[in-house]
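These notes concern the structure reproduced below.
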Amino acid sequence: MTQLAVPAVRDLTEIGDELGQWQSDDGPAQLHPGDLGWYSLRGAGATAGDLRVWRSGESTLAVGLLDGANLLRLAIHPSLLHDDSLAQDIQSAVEPSPSEVFAHGTAIVEARGATALCDRLVANGWSTDEPWTPLQRDLSRSVEDPGMTVVTAGIREAEEWASVHWSAFRGTPYTEDDTAKFIGRWRTMSTGPFSSRARSLLGYDDSGQPVAAATVWSAGPARPGLLEPVAVHRDHQGRGFGKAMAIAAAKNLQQMGASAASVAAETANTAAVATYSAAGFIAHAEVRDLRRGG
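Heads up: the sequence shown begins at 69 in the working numbering, then just goes up one per residue.
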């Protein structure tokens with residue numbers, strides 16, 4: 069019998085290990101242990117509280133991350149992607165409003181490659197959401213030099229790393245309070261249960277200014293690693309630093325034993341897709357989440 073549970077903090081490392089084992093170069097771009105690692109900026113307790121795990125006895129069948137109130141990002145054991153019984157169990161947990169997973173209102177499920185679940189949801193009126201483009205770079209061959217100074221960012225570089233990320237994704241003035249809060253969260257992530265999988269990178273231009281940042285995440289040896297996030301400072305965009313950082317990220321994942329470097333970008337973000345493509349990543353078929361309401 070399948071049971072749905074919220075894990076404890078002590079379970080997070082094991083869940084990350086299981087997710088890592090589910091990753092493969094030719095498999096769907098499912099929830100990755102690096103997604104949990106980046107989410108752990110919020111702390112281990114919050115991360116555990118936002119996870120949903122479907123188990124049968126001692127076996128983990130599926131893992132979902134509530135990435136916000138209305139988005140469930142799923143990974144399903146590769147042998148069960150087409151299993152209708154598990155699909156029915158997950159459907160029964162997400163479909164009522166409210167449900168075991170979602171509150172009232174709009175609900176979005178990311179279930180890449182989970183054909184049985186997607187077929188069930190679509191048959192029951194769920195619609196497709198905006199498209200995403202998964203991209204992957206094979207790491208079986210040597211990765212070229214990025215042509216930019218890139219260092220592994222530790223706590224000494226945390227403020228520079230945070231300022232680049234803030235500029236790229238927020239675009240608002242970066243106050244001292246913002247700096248302190250984000251650095252605190254970054255420290256939480258870098259000492260959390262997924263920290264051994266991570267390597268944060270900081271790129272500098274020729275004048276020594278920090279212009280790009282990224283964190284890469286291992287799923288284990290001979291498994292595809294993840295780029296999450298990749299950022300270029302707003303004042304330095306359009307100068308090739310995004311391509312350089314994507315190459316540096318791939319090179320670091322190769323050093324960490326990854327078989328491939330993976331990332332996903334909103335298809336509408338044509339600049340991001342073009343940047344990764346220029347860095348040697350191959351775009352795969354678009355994928356879409358499923359939406360109810362809204």
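Beta carbons are placed, not taken as given, at the ideal position from N, Cα and C, and that holds for glycine.
Secondary structure of residue i, DSSP reduced to three states
{"i": "Asp-157", "result": "helix"}
{"i": "Gln-322", "result": "helix"}
{"i": "Thr-183", "result": "helix"}
{"i": "Glu-296", "result": "strand"}
{"i": "Gln-91", "result": "coil"}
{"i": "Ser-330", "result": "strand"}
{"i": "Glu-178", "result": "strand"}
{"i": "Val-162", "result": "helix"}
{"i": "Leu-140", "result": "strand"}
{"i": "Pro-96", "result": "coil"}
{"i": "Pro-146", "result": "helix"}
{"i": "Ser-127", "result": "strand"}
{"i": "Asp-206", "result": "strand"}
{"i": "Arg-120", "result": "strand"}
Selected residue, minimal CA-CA separation from residue i, among the options
{"i": "Gly-111", "options": "Asp-93, His-100 and Arg-78", "result": "Arg-78"}
{"i": "Leu-142", "options": "Trp-90, Ser-153 and Ser-127", "result": "Trp-90"}
{"i": "Pro-75", "options": "Gly-95, Leu-104 and Gly-117", "result": "Gly-117"}
{"i": "Asp-273", "options": "Gly-288, Trp-254 and His-301", "result": "His-301"}
{"i": "Asp-94", "options": "Val-121, Ala-346 and Arg-291", "result": "Arg-291"}
{"i": "Ser-327", "options": "Ile-83, Ala-73, Asp-303 and Ser-92", "result": "Ser-92"}
{"i": "Ala-221", "options": "Gly-252, Arg-267 and Val-341", "result": "Arg-267"}
{"i": "Gly-260", "options": "Gly-308, Thr-343 and Leu-104", "result": "Leu-104"}
{"i": "Ile-315", "options": "Leu-134, Ala-346 and Ala-287", "result": "Ala-346"}
{"i": "Gly-125", "options": "Ala-73, Val-341 and Ile-176", "result": "Ala-73"}
Bounding residues of the alpha helix (DSSP H) (the contiguous stretch that carries residue i)
{"i": "Trp-194", "result": "No alpha helix (DSSP H) contains Trp-194, which DSSP labels as neither H nor E."}
{"i": "Val-232", "result": "226–237"}
{"i": "Ile-251", "result": "244–258"}
{"i": "Ala-114", "result": "112–117"}
{"i": "Val-219", "result": "Note, Val-219: premise wrong, no alpha helix (DSSP H); beta strand (DSSP E) at 217–220."}
{"i": "Leu-104", "result": "101–107"}
{"i": "Ala-73", "result": "Element bounds for Ala-73: not the alpha helix (DSSP H) but the beta strand (DSSP E), 71–73."}
{"i": "Val-341", "result": "338–346"}
Expected contact under 8 Å - CB spacing of residue i and residue j to nearest Å
{"i": "Gly-293", "j": "Ala-329", "result": "6 Å"}
{"i": "Thr-196", "j": "Leu-358", "result": "6 Å"}
{"i": "Pro-278", "j": "Val-218", "result": "Actually they are not in contact, since the Cβ atoms of Pro-278 and Val-218 sit about 11 Å apart, beyond 8 Å."}
{"i": "Leu-154", "j": "Trp-122", "result": "7 Å"}
{"i": "Leu-119", "j": "Gly-132", "result": "7 Å"}
{"i": "Ala-332", "j": "Pro-166", "result": "Incorrect: roughly 29 Å between the Cβ atoms, too far for contact."}
{"i": "Gln-312", "j": "Pro-101", "result": "The residue you asked about is not Gln; residue 312 is Ala in the sequence shown. Contact doesn't hold; Cβ gap of about 26 Å is too wide."}
{"i": "Met-397", "j": "Leu-109", "result": "This structure cannot speak to residue 397, because the chain is shown only from 69 to 362."}
Contact test: residue i Cβ vs the ligand FMN heavy atom, cutoff 7 Å
{"i": "Val-169", "result": "Although the ligand FMN was asked about, the structure shown includes no ligands whatsoever."}
Unbroken beta strand (DSSP E) run spanning residue i, endpoints
{"i": "Asp-357", "result": "355–360"}
{"i": "Val-279", "result": "278–285"}
{"i": "Ser-268", "result": "266–272"}
### Query
On the three-pair Cβ rule with 8 Å, is the region 304–323 touching the region 208–225?
yes
### Touch test, the region 293–304 against the region 275–283, Cβ-Cβ under 8 Å, three pairs minimum
yes
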